[in-house]
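Number of protein chains: 2
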Amino acid sequence: MEIYTIRDIARKAGVGVSTVSRVLNGRPDVSETTRKRVTEVVEACGFVQNRNARNLKTTKPVFAAIIVRGRRNMFLSDMAEEMLHCAQGYKTPFIVKYIDEEDDEFGAMRQLWNEKRAGGFILLGSRIDERSEIVASLGMPCVFATVDAAGSGIANASSVCIDDRAAAREVMDRLLANGHTNVAVFGGNSEGNDVFARRYQGAMDSLRAHGVDFNPEHYVVTRFTLTGAYESARRFFEGHREITAVLAMSDTVAAGVIRALWELGLRVPQDVSVTGYDGTEMAKYFIPAIDTVRQPTKEIARESVKLLCEMLEGGERRDVTVAYEYVPGESVAACRSCAREG
Amino acid sequence: MEIYTIRDIARKAGVGVSTVSRVLNGRPDVSETTRKRVTEVVEACGFVQNRNARNLKTTKPVFAAIIVRGRRNMFLSDMAEEMLHCAQGYKTPFIVKYIDEEDDEFGAMRQLWNEKRAGGFILLGSRIDERSEIVASLGMPCVFATVDAAGSGIANASSVCIDDRAAAREVMDRLLANGHTNVAVFGGNSEGNDVFARRYQGAMDSLRAHGVDFNPEHYVVTRFTLTGAYESARRFFEGHREITAVLAMSDTVAAGVIRALWELGLRVPQDVSVTGYDGTEMAKYFIPAIDTVRQPTKEIARESVKLLCEMLEGGERRDVTVAYEYVPGESVAACRSCAREG
DNA sequence: TCCGGTTATGAAATCGTTTCCAGTCGGGTT
DNA sequence: AACCCGACTGGAAACGATTTCATAACCGGA
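Top line first, the protein sequences correspond to chains E and Y.
Take the first sequence: its position 226, counting from 1, is numbered 225 in numbering that gives the first Met the number 0, and each next residue is one higher.
Take the second sequence: its position 58, counting from 1, is numbered 57 in numbering that gives the first Met the number 0, and each next residue is one higher.
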């Protein structure tokens with residue numbers, strides 16, 4: 000395949016390069032005849048601009064980037080999609096940047112800044128830990144979505160999230176109300192992950208309020224994939240048949256756990272109750288449908304975009320809490336064995 | 000945040016720009032002391048290269064791109080991951096480019112070519128239709144993964160896939176062997192999509208061979224999401240209670256269908272049998288586990304990469320067929336009502 | 001006829017890198 | 001002492017676009 004530059008096009012069309020550039024960018028100050036001639040040549044050659052050169056030269060005024068950590072996470076990529084949609088209502092252009100789970104958002108932010116002059120960021124799938132001070136040092140407006148930045152002390156970061164602690168507490172309350180006192184919690188490593196930590200605390204709040212003890216051994220750290228959850232659950236339940244309910248920190252994990260229980264001959268919800276988290280499609284269509292906490296995607300997206308645009312115009316940081324919703328499914332039932340006992 | 004260029008770094012370190020460049024790119028011909036001094040300044044400033052400028056200048060020799068159409072499709076993104084892994088064994092560097100379902104791969108290919116000199120492509124989630132002649136016109140080595148390019152006449156395109164027609168036929172054979180004669184097929188729009196068309200033909204082959212009629216009304220076109228499949232199924236089964244088995248063209252679709260049936264009071268597999276396609280995690284962990292056709296991800300990935308590298312070195316186009324595998328699940332059982340009849 | 005004011009156009013500078021090329025500086029050979 | 005060679009280094013020319021600025025052409029009005 001031939002490789003054309005704007006100069007080739009200019010030569011073929013018998014005009015100057017600047018004219019071609021003007022045509023390509025839809026500038027008004029080109030005569031109709033010239034425009035047509037250039038357009039024809041461009042089409043004929045299948046010419047496309049070299050983005051590298053373009054971006055190098057055009058230091059765009061300011062725009063915002065949504066950084067999604069983990070492209071396989073449906074919950075996050077749906078959210079990003081929604082944000083893009085909301086962003087249409089603002090004059091600031093938004094773009095989405097997917098990065099891998101392993102690599103860090105700060106490099107990506109820096110990159111986006113000096114390649115394209117990104118002036119603000121929405122962080123999805125991020126967490127707040129010691130490394131977050133980098134966000135502060137960058138000094139650019141940021142919004143943490145689904146993460147609470149209220150106590151972080153980062154001056155340039157807003158956040159929007161549900162009250163994870165209260166949500167987890169409500170979930171546990173419901174399990175307790177169903178008579179479950181032997182509950183296992185399946186989550187991620189909560190050290191250095193404020194989100195998991197908050198949910199854990201919520202669950203503990205509930206247990207404490209009801210005077211129920213929690214054996215730390217019943218907190219299971221798992222990968223957030225079906226296979227990971229399944230394997231963790233198989234291993235865990237080998238030696239923990241006393242458990243009658245599982246609070247999982249994502250719908251995917253809940254699904255994996257349910258399958259594992261099923262294979263062990265334990266029915267959900269008859270023998271064991273299981274709850275999920277996030278409110279994904281998966282929870283709705285799994286059999287049994289999974290009781291879950293819906294994080295209002297649309298609202299979080301809308302608020303995140305709004306908050307970032309506010310800050311870009313000089314507004315102060317703010318933390319917004321949106322309402323979560325407990326979505327009943329078919330995976331929680333009264334505890335039989337407990338009833339017998341009691 | 001300050002914005003640094005390589006020139007700033009050079010000035011601060013008291014060296015020339017070319018030296019900084021050499022350090023940044025790990026060239027050997029820099030004295031250790033200089034290297035250290037430059038590195039220090041770079042770290043201190045948090046300097047990152049401007050990729051635009053870099054790519055603009057460095058016309059890399061040749062490398063290959065994997066174009067994935069649809070970033071939400073787990074099956075495809077897993078495959079891409081696997082390809083990247085296989086590619087490490089070759090000297091050609093590979094990169095992955097995700098594009099949206101709506102937009103076309105040809106623009107992306109052109110873009111990648113003249114921005115980065117991509118010399119070859121693997122197309123994932125593509126299909127072969129009239130627009131594919133663009134692939135031919137580009138004239139660069141391409142590999143269609145999970146799509147058969149054998150009869151396409153595109154001189155520069157190899158392909159690797161399972162025998163979709165035979166696979167679909169086997170699935171239908173198994174359903175028939177279980178006594179199901181009233182089968183519905185849930186798939187995508189097969190006009191202009193060779194993959195769906197091939198699977199459809201396979202299913203028809205089987206029916207024909209067994210002398211079973213197929214009512215074209217029983218081919219249901221659906222979106223390939225849980226919600227889409229669920230809704231299609233709800234709608235379809237309102238008026239089609241005679242159906243005792245569903246052949247779905249993806250695991251996701253199968254899951255949505257199973258849920259819909261369940262809500263209509265039809266048990267899988269007792270009342271209706273359902274089969275999926277692809278062999279994803281989902282199929283394995285759904286309840287009931289879904290009978291499916293496993294497309295050997297690793298092998299397809301490995302062959303695709305191999306084929307592309309072959310072509311890059313001047314080899315001829317080839318079409319490779321890899322073995323599929325029918326993975327039994329828990330979603331197919333003998334047809335009760337049919338048994339009663341027969 | 002001359003002039004101010006559009007309108008359309010091209011030449012040239014610029015963006016931040018890489019890389020070629022030429023040059024400096026020691027130190028070992030003749 | 002003259003020479004060469006190797007290891008380092010810096011200057012400057014690209015890369016392919018955009019954008020500023022200057023110029024040419026044209027038009028209507030005085």
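In this text, a Cβ means the ideal position worked out from N, Cα and C, and glycines have one as well.
Can you check which of these residues, the options, is closest to residue i by C-alpha distance?
| i | options | result |
| --- | --- | --- |
| Arg335/Y | Val319/Y, Asn181/Y, Tyr276/Y, Ser303/Y | Asn181/Y |
| Thr38/E | Ala165/E, Val245/E, Gly25/E | Gly25/E |
| Leu265/Y | Ile242/Y, Glu280/Y, Tyr284/Y, Gly278/Y | Ile242/Y |
| Gly314/E | Gly152/E, Pro140/E, Ala12/E, Ile133/E | Pro140/E |
| Val267/Y | Tyr276/Y, Gly275/Y, Ile257/Y | Ile257/Y |
| Cys337/Y | Gly210/Y, Ala176/Y, Leu260/Y, Arg233/Y | Ala176/Y |
| Glu190/E | Thr145/E, Glu129/E, Arg70/E, Asp250/E | Glu129/E |
| Ser303/Y | Asn113/Y, Ile161/Y, Val184/Y | Ile161/Y |
| Arg70/Y | Val95/E, Gln87/E, Asn192/E | Val95/E |
| Arg109/Y | Val134/Y, Ala43/Y, Cys85/Y, Gln87/Y | Val134/Y |
| Asp250/E | Ser30/E, Leu174/E, Ala288/E, Ala86/E | Ala288/E |
| Arg173/E | Pro215/E, Gly328/E, Val16/E, Gly15/E | Gly328/E |
| Gly152/E | Met171/E, Glu169/E, Ser131/E, Val170/E | Ser131/E |
| Phe285/Y | Glu262/E, Val219/E, His209/E | Glu262/E |
| Arg36/E | Phe46/E, Pro215/E, Val14/E | Val14/E |
| Ala107/E | Gln87/Y, Cys85/Y, Val47/Y, Arg234/Y | Val47/Y |
| Phe236/E | Asn188/E, Gly138/E, Asp270/E | Asp270/E |
| Thr224/Y | Val211/Y, Pro215/Y, Met248/Y | Met248/Y |
| Cys308/E | Val16/E, Ser20/E, Glu169/E, Gln87/E | Gln87/E |
Are residue i and residue j close, meaning C-beta to C-beta below 7 Å?
| i | j | result |
| --- | --- | --- |
| Arg126/Y | Val67/Y | no |
| Ile98/Y | Met82/Y | no |
| Val245/Y | Ala228/Y | no |
| Thr58/Y | Arg10/Y | no |
| Leu122/E | Leu75/E | no |
| Glu120/Y | Thr91/Y | The identity of residue 120/Y in the sequence shown is Phe, whereas the question assumes Glu. Contact flag unset, no. |
| Val41/E | Ile5/E | no |
| Asp290/E | Ser231/E | no |
| Ser136/Y | Asp147/Y | no |
| Val326/Y | Gly275/Y | no |
| Ala149/E | Gly201/E | no |
| Asn342/E | Glu114/Y | No information on residue 342/E is available, as it lies outside the stretch 0 to 341 that chain E covers here. |
| His209/E | Ala183/E | no |
If you count every other CB in all the chains shown that lies within 10 Å of the CB of residue i, and 16 or more means buried, which is it?
| i | result |
| --- | --- |
| His179/Y | buried |
| Thr18/Y | buried |
| Ile2/E | exposed |
| Thr226/E | exposed |
| Gly341/E | With a pLDDT of 43 at Gly341/E, under the threshold of 50, the modelled position of this residue cannot be trusted; read the value that follows with caution. Gly341/E comes out exposed. |
| Glu312/E | exposed |
| Glu280/E | buried |
| Glu101/Y | exposed |
| Asp103/E | exposed |
| Thr32/Y | exposed |
| Val118/Y | Looking at the sequence itself, residue 118/Y is Gly, so the reference to Val does not match. The residue is buried, with at least 16 neighbouring Cβ atoms inside 10 Å. |
| Lys56/Y | exposed |
Could you check the C-alpha separation between residue i and residue j for me, to the nearest Å?
| i | j | result |
| --- | --- | --- |
| Ser205/Y | Asn54/Y | 53 Å |
| Phe49/Y | Val273/E | Before going on, a small fix: residue 49/Y reads as Asn here, not Phe. So the two alpha carbons sit approximately 49 Å from each other. |
| Ala154/Y | Arg207/Y | 34 Å |
| Phe213/E | Ala332/E | 20 Å |
| Thr221/Y | Arg317/E | 43 Å |
| Arg164/E | His239/E | 26 Å |
| Ala254/E | Met310/E | 39 Å |
| Val22/E | Gly186/E | 55 Å |
| Leu260/Y | Asn72/Y | 24 Å |
| Thr145/Y | Ala300/Y | 10 Å |
| Arg198/Y | Lys283/E | 29 Å |
| Val29/Y | Ala79/Y | 38 Å |
| Cys44/E | Ala12/E | 11 Å |
| Arg34/E | Asn192/Y | 37 Å |
| Met203/E | Val219/E | 14 Å |
| Tyr89/E | Glu169/E | 36 Å |
Is the segment 279–295 of chain Y touching the segment 321–332 of chain Y in the sense that three or more CB pairs, one from each, lie closer than 8 Å? Verdict: yes, contact present.
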